[in-house]
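Peer 1: Next up is a structure, given as structure tokens.
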Ligand SMILES: [Zn+2]
Ligand SMILES: [Zn+2]
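Set out below in structure tokens:
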């Protein structure tokens with residue numbers, strides 16, 4: 006164990022506390038159980054463990070009050086507080102955060118994920134996962150096994166339990182299967198749609214968690230003319246293109262239209278910008294705990310000598326992604342493919358590298374690969390980008406994500 010932690014567990018249910026203690030000790034941490042919150046408070050303040058796990062519903066002082074009392078004395082940098090509760094309402098998560106908790110784990114404790122959840126909170130990690138990174142069309146086949154064949158779907162998981170999904174390409178099917186396999190009772194998430202071209206919405210009707218009562222999703226996007234995101238999804242599932250309608254969703258599903266701006270979504274700052282693409286297409290910048298992750302697709306960056314080039318747009322986009330820790334962006338074409346595709350709304354790789362260098366981005370993820378590209382072609386695109394970056398003497402890291410790959414930010 007590289008970094009063993011001292012963890013105090015405060016739970017009036019001894020059997021649950023013992024499960025948590027066993028899992029923590031098996032992972033190399035040190036764990037102590039308290040069944041009384043009053044006794045726990047004095048021990049926490051005097052012994053200052055690295056992390057405390059608090060149940061909400063306890064006799065006497067409840068977990069949220071205990072959390073407030075601890076926070077009067079110890080800051081998050083001195084001690085992490087995780088609320089561990091069977092309550093799965095958004096209201097309770099918000100209350101926990103307002104009381105000073107750093108994380109929220111929903112009971113029952115999942116043996117497979119519990120330690121990862123603790124580690125994510127104690128290190129305040131955001132996990133970005135790529136479920137699909139292809140553009141335009143799914144592209145299954147032996148020659149796309151390395152980078153995967155599914156269209157766009159990327160998730161961000163935050164320590165306090167927020168779960169953001171970006172785009173509903175065919176990769177969303179695998180995310181849905183993964184979520185259901187976890188056996189979680191109540192799944193909540195925000196599904197951000199960049200724009201309603203097929204490759205970004207094709208799998209909304211096939212996202213199984215939308216049909217499970219008790220789950221809750223907000224589908225977020227941008228209106229197209231007078232057509233709201235809600236009407237876009239209703240039309241997709243209106244009977245002509247899919248046999249069942251959104252009335253069949255068992256989950257509580259609600260919709261939110263965004264414009265360009267700065268928003269707070271599930272207590273996390275999200276900025277948006279309209280991109281260079283036919284119709285309204287939103288790029289997203291998520292700012293969390295001093296880090297920024299940008300999801301910018303679909304988008305065409307024109308060469309400076311093109312009649313379509315706009316310096317004003319380039320400057321605005323550079324400012325939008327400025328200093329991002331992660332930029333996930335449309336790099337559909339190899340440069341030699343681009344001349345026949347000008348004006349189709351997608352970028353070639355050299356222009357994407359220029360954007361990332363100009364904005365001093367830390368890591369660049371090339372996505373939305375053209376359907377004609379196999380793994381070798383995507384590999385050449387990455388090599389070409391890396392050569393450009395090293396010619397410029399930059400430390401920018403650049404890759405094409407593998408399907409299923411997770412990155413901790
Ligand atoms: Zn697309
Ligand atoms: Zn598009």
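Numbering (my numbering), first residue to last: 6 to 414.
Positions of the beta carbon are idealized from the N, C-alpha and C atoms, including for glycine.
As the structure is a computational prediction, the values presented were derived from the model and not from experiment.
#1: Quick check on residue 252: buried or exposed, where buried means 16 or more other Cβ atoms within 10 Å of its Cβ?
#2: Just confirm the distance between the C-beta atoms of residue 347 and residue 311, as a whole number of angstroms; I'd bet it's less than 8 Å.
#3: Is residue 92 near residue 61, with beta carbons less than 7 Å apart?
#4: Please classify residue 194 as buried or exposed, where buried requires at least 16 other C-beta atoms within 10 Å of its C-beta.
#5: With which residues is residue 434 paired in a DSSP beta bridge?
#6: In or out: residue 9 buried (at least 16 other Cβ within 10 Å) or exposed?
#7: Tell me which same chain residues have a C-beta within less than 6 Å of the C-beta of residue 156, skipping the five on either side of it?
#8: Look up residue 134 in the DSSP assignment and say whether it is helix, strand or coil.
#9: For ligand 2, any of its heavy atoms closer than 6 Å to the Cβ of residue 373?
#10: Which residue's Cα is closest to the Cα of residue 200: 129, 301, 275?
#11: Smallest Cα separation from residue 254: which of 278, 69, 293, 242?
#12: With respect to the alpha helix (DSSP H) encompassing residue 342, which residues constitute its N-terminal and C-terminal limits?
#13: Contact between the region 321-333 and the region 258-269 is defined here as three or more beta-carbon pairs at a separation below 8 Å; is this criterion met?
#14: Rounded to whole angstroms, what's the CA-CA distance from residue 402 to residue 412? Just pull it up for me.
#15: Rank 327, 318, 376, 400 by C-alpha distance to the C-alpha of residue 153 and give the top, closest one.
#16: Kindly provide the chain-ordered list of residues whose Cβ lies closer than 5 Å to any non-hydrogen atom of ligand 2.
#17: Compare the beta carbon distance of residue 87 and residue 108 with 7 Å and say whether it is the shorter of the two.
#18: Going along the chain, which residues of its own chain have a beta-carbon closer than 6 Å to the beta-carbon of residue 383, five neighbours each way excluded?
#19: For the beta strand (DSSP E) containing residue 121, list its first residue and its last residue.
#20: Report yes if the C-beta of residue 418 is less than 6 Å from at least one heavy atom of ligand 1; otherwise report no.
#21: Could you tell me if the beta carbon of residue 140 falls within a distance shorter than 6 Å of some heavy atom in ligand 1?
#22: To the nearest angstrom, how far is it from the Cα of residue 125 to the Cα of residue 131?
#23: Tell me the residue span of the alpha helix (DSSP H) that contains residue 146.
#24: Using DSSP bridges, identify the partner residues of residue 108.
#25: Just to check my reading of the structure: residue 180 and residue 192 have Cβ atoms closer than 8 Å, yes? What is that Cβ distance to the nearest angstrom?
#26: For residue 43, count neighbouring C-beta atoms within 10 Å of its own C-beta (all shown protein chains included) and say buried if the count is 16 or more, exposed if not.
#27: So, is residue 26 buried or exposed, given that buried needs 16 or more other C-beta atoms within 10 angstroms?
#28: Which residue's Cα is closest to the Cα of residue 120: 30, 366, 276, 218?
#29: Assuming the contact rule is C-beta atoms closer than 8 Å, residue 245 and residue 262 should be a hit. Round their C-beta distance to whole Å, please.
#30: So for residue 168, helix, strand or coil by DSSP?
#31: Going along the chain, which residues of its own chain have a beta-carbon closer than 7 Å to the beta-carbon of residue 293, five neighbours each way excluded?
#32: Please report how far the alpha carbon of residue 306 lies from the alpha carbon of residue 398, in whole angstroms.
#33: Would you say the beta carbon of residue 172 comes nearer than 6 Å to a heavy atom of ligand 1?
#34: Looking at the unbroken alpha helix (DSSP H) that takes in residue 358, where does it start and where does it end?
#35: Would you call residue 150 buried or exposed, if buried means 16 or more other Cβ atoms sit within 10 Å of its Cβ?
#36: Give the DSSP-derived three-state secondary structure of residue 68 in the structure shown.
Peer 2: Looking at the coordinates:
#1: exposed
#2: Sure, about 7 Å apart at Cβ, within 8 Å.
#3: yes
#4: buried
#5: This structure does not reach residue 434, given that the chain is present from 6 up to 414, and the question cannot be answered.
#6: exposed
#7: 137, 139, 143, 174, 175, 204
#8: strand
#9: no
#10: 301
#11: 242
#12: Careful: residue 342 lies outside any alpha helix (DSSP H) and carries neither H nor E.
#13: Inter-segment contact for the region 321-333 and the region 258-269 is absent: fewer than three beta-carbon pairs are separated by less than 8 Å.
#14: Between the C-alpha atoms of residue 402 and residue 412 there is a straight-line separation of about 13 Å.
#15: Nearest C-alpha to residue 153 among 327, 318, 376, 400: 376.
#16: Matched residues: 202, 303.
#17: yes
#18: 152, 374, 405.
#19: Segment 119-128 is the alpha helix (DSSP H) holding residue 121; no beta strand (DSSP E) there.
#20: Because the chain in this structure spans residues 6 to 414, residue 418 falls outside the shown range and cannot be described.
#21: yes
#22: 7 Å
#23: Neither: residue 146 is in no alpha helix (DSSP H) and is coded neither H nor E.
#24: Per DSSP, the beta bridge partners of residue 108 are 87.
#25: The Cβ separation is near 11 Å, so there is no contact.
#26: Exposed, because fewer than 16 other Cβ atoms sit within 10 Å of the Cβ of residue 43.
#27: buried
#28: 30
#29: Contact doesn't hold; Cβ gap of about 23 Å is too wide.
#30: Strand.
#31: 131, 163, 273
#32: 22 Å
#33: no
#34: 354-363
#35: So residue 150 counts as exposed.
#36: helix
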